[in-house]
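Read in order, the letters of the sequence shown are residues 32 to 347 in our numbering.
By construction, the Cβ of each residue, glycine as well, lies at the ideal position given by its N, Cα and C atoms.
Keep in mind that this is a model prediction, so the values were computed, not measured.
The structure appears below as structure tokens.
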Amino acid sequence: MSTVYDQEDPVIVRFWGVRGSIPTPGPLTAAYGGNTSCVELRMGGEIIVLDAGTGIRLLGAALAEEFASSEVLVSLLVSHTHWDHIQGLPFFGPAYRSQNRVRIYGYQEENCRLEQILTDQMESPHFPIPMHKMVADISVTEFSSKAFMLGEVSVCTQRLNHPGGATGYRLSWNGLVVVYLPDNEPVSYLELKSSPSVSAEPDLDPNQELIDFVRGADVAIMDGQYDAGEYPSHIGWGHGCVDDVVRIAVAGGVKQLFLFHHDPCHDDAWVEARTAKAAGLAKSLGSGLRVCAAREGEALALGSVLGESSQGAESA
Ligand SMILES: [Zn+2]
Ligand SMILES: [Zn+2]
Numbered sequence: 032m033s034t035v036y037d038q039e040d041p042v043i044v045r046f047w048g049v050r051g052s053i054p055t056p057g058p059l060t061a062a063y064g065g066n067t068s069c070v071e072l073r074m075g076g077e078i079i080v081l082d083a084g085t086g087i088r089l090l091g092a093a094l095a096e097e098f099a100s101s102e103v104l105v106s107l108l109v110s111h112t113h114w115d116h117i118q119g120l121p122f123f124g125p126a127y128r129s130q131n132r133v134r135i136y137g138y139q140e141e142n143c144r145l146e147q148i149l150t151d152q153m154e155s156p157h158f159p160i161p162m163h164k165m166v167a168d169i170s171v172t173e174f175s176s177k178a179f180m181l182g183e184v185s186v187c188t189q190r191l192n193h194p195g196g197a198t199g200y201r202l203s204w205n206g207l208v209v210v211y212l213p214d215n216e217p218v219s220y221l222e223l224k225s226s227p228s229v230s231a232e233p234d235l236d237p238n239q240e241l242i243d244f245v246r247g248a249d250v251a252i253m254d255g256q257y258d259a260g261e262y263p264s265h266i267g268w269g270h271g272c273v274d275d276v277v278r279i280a281v282a283g284g285v286k287q288l289f290l291f292h293h294d295p296c297h298d299d300a301w302v303e304a305r306t307a308k309a310a311g312l313a314k315s316l317g318s319g320l321r322v323c324a325a326r327e328g329e330a331l332a333l334g335s336v337l338g339e340s341s342q343g344a345e346s347a
């Protein structure tokens, strides 16, 4: 196999879709972007795609250009099959070229076959081109283990608190760690404090499992859909309150947090203000955590090759 990307190249995180729930094109969301979840990670010689929201269409176009004269192997890790995480797959150009390979992975859910769901969304009357017309070498693997390898990249998984279930990923290679927790509702510290009916061990952090999962990550991409004012009316919707997400990232010693899965109702000004508040919270906790809003089209390079986290995605 010949590819243009190999292990010598830097680890790159690139955002192709950062919006939650539904695409939001238009002038009010132009700065952070309106495409739904899709993140490209180049790590250890692997091209890994996190979710196939509508952002994957543009990623496909970029890969087609980069690999115009050679084949490409892409590993797609699906967090769950809500529309905003799979809807772009039928528009993923590299899947329509026979020399390419697309490896699709998702957690083995009860009564829910990943391959069937991906096939069904391309059946008439939903879509005119059935999945078998994707002539690339495509495989769909449902895993049940907590960890597996993609080449030399170590992948750990974490079940998330989201209606119908979802999976988060922790990807490590050569001492660099990127964590992706797209749709997740942590236990709310605020609710815990204000609700005497919710009991908790005083010394036990109710989000300890999440804290351990993100521990020491160079980059954590986390669902921070609601602010503390909105969250109480969205309890149980399966998305994070930004204050909780910041506290978890701080407790886990994350270096850089990207707030992700922006609410369709939130325009650029809201996202910017929310991110500044989140950065202020991190600071007030005495942490050096960098807090950014994920922004469509932006990329950052990790590791020694291009310097530590050289990128321009930090939000004002
Ligand atoms: Zn979602
Ligand atoms: Zn979802």
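Residue i (DSSP reduced to helix, strand or coil)
{"i": "Asp-214", "result": "coil"}
{"i": "Thr-85", "result": "coil"}
{"i": "Gly-91", "result": "helix"}
{"i": "His-193", "result": "coil"}
{"i": "His-116", "result": "helix"}
{"i": "Ser-225", "result": "helix"}
{"i": "His-163", "result": "helix"}
{"i": "Ser-33", "result": "With a pLDDT of 44 at Ser-33, under the threshold of 50, the modelled position of this residue cannot be trusted; read the value that follows with caution. In this structure, Ser-33 counts as coil in the three-state DSSP scheme."}
{"i": "Gly-48", "result": "strand"}
{"i": "Asp-274", "result": "helix"}
{"i": "Glu-96", "result": "helix"}
{"i": "Tyr-63", "result": "coil"}
{"i": "Ser-341", "result": "In this predicted model, Ser-341 has a pLDDT of only 40, less than 50, meaning its place in the structure is not dependable; the value taken from the coordinates is given anyway. Ser-341 falls in the strand class under three-state DSSP."}
{"i": "Ile-78", "result": "strand"}
{"i": "Phe-158", "result": "coil"}
{"i": "Phe-291", "result": "strand"}
{"i": "Ala-251", "result": "strand"}
{"i": "Gly-199", "result": "strand"}
{"i": "Ile-279", "result": "helix"}
{"i": "Val-336", "result": "Since pLDDT at Val-336 reaches only 38, below the 50 mark, its modelled position is unreliable, and the value read off the structure follows with that caveat. Three-state DSSP puts Val-336 in coil, outside helix and strand."}
{"i": "Gln-38", "result": "coil"}
Buried/exposed call for residue i, threshold 16 Cβ in 10 Å
{"i": "His-163", "result": "exposed"}
{"i": "Phe-179", "result": "exposed"}
{"i": "Cys-296", "result": "exposed"}
{"i": "Thr-112", "result": "buried"}
{"i": "Ser-31", "result": "In this structure the chain extends from 32 to 347, so residue 31 is not present and cannot be described."}
{"i": "Leu-235", "result": "exposed"}
{"i": "Gly-199", "result": "buried"}
{"i": "Pro-54", "result": "buried"}
{"i": "Thr-172", "result": "exposed"}
{"i": "Leu-25", "result": "Given a span of 32 to 347 for the chain in the structure shown, any question on residue 25 remains unanswerable."}
{"i": "Arg-190", "result": "exposed"}
{"i": "Leu-316", "result": "exposed"}
{"i": "Gly-343", "result": "Its pLDDT being 40, under 50, Gly-343 is placed unreliably in this model, and the coordinates cannot settle the point."}
{"i": "Asp-37", "result": "exposed"}
{"i": "His-270", "result": "buried"}
{"i": "Asp-294", "result": "buried"}
{"i": "Glu-216", "result": "buried"}
{"i": "Ala-248", "result": "buried"}
{"i": "Gly-260", "result": "exposed"}
{"i": "Asn-142", "result": "exposed"}
{"i": "His-157", "result": "exposed"}
{"i": "Asp-11", "result": "Limits of the chain in this structure are 32 at one end and 347 at the other, which puts residue 11 out of reach."}
{"i": "Ile-266", "result": "exposed"}
{"i": "Ile-78", "result": "buried"}
{"i": "Ser-129", "result": "exposed"}
{"i": "Ile-160", "result": "exposed"}
{"i": "Gly-57", "result": "exposed"}
{"i": "Gly-319", "result": "exposed"}
{"i": "Val-184", "result": "buried"}
Alpha helix (DSSP H) segment containing residue i, residue limits
{"i": "Ile-266", "result": "Segment: none, Ile-266 is in no alpha helix (DSSP H) and carries neither H nor E."}
{"i": "Glu-146", "result": "145-151"}
{"i": "Ser-315", "result": "299-315"}
{"i": "Leu-241", "result": "239-245"}
N- and C-terminal bounds of the beta strand (DSSP E) containing residue i
{"i": "Leu-181", "result": "178-181"}
{"i": "Leu-320", "result": "From DSSP, Leu-320 is part of no beta strand (DSSP E); its letter is neither H nor E."}
{"i": "Ala-332", "result": "330-333"}
{"i": "Ile-169", "result": "168-174"}
{"i": "Gly-137", "result": "132-138"}
{"i": "Leu-107", "result": "104-108"}
C-beta neighbour in chain D for residue i, strict 7 Å
{"i": "Asp-254", "result": "The structure shown contains no chain D; it holds only a single protein chain."}
Notebook entry, point to check: Three or more C-beta pairs closer than 8 Å, one from the region 273-289 and one from the region 75-84: is that the case here?
Noted result: no
Notebook entry, point to check: Counting pairs of Cβ atoms below 8 Å between the region 91-110 and the region 321-334, do you hit three or more?
Noted result: In short, these stretches do not touch, since the Cβ pair count stays below three.
Next item on the list: Decide yes or no for the touch test of the region 65-76 against the region 38-48: beta carbon pairs closer than 8 Å, at least 3 of them.
Entry: yes
Margin query: Counting beta carbon pairs with one atom in the region 144-152 and one in the region 115-127, are three or more of them shorter than 8 Å?
Written below: Short answer: they touch.
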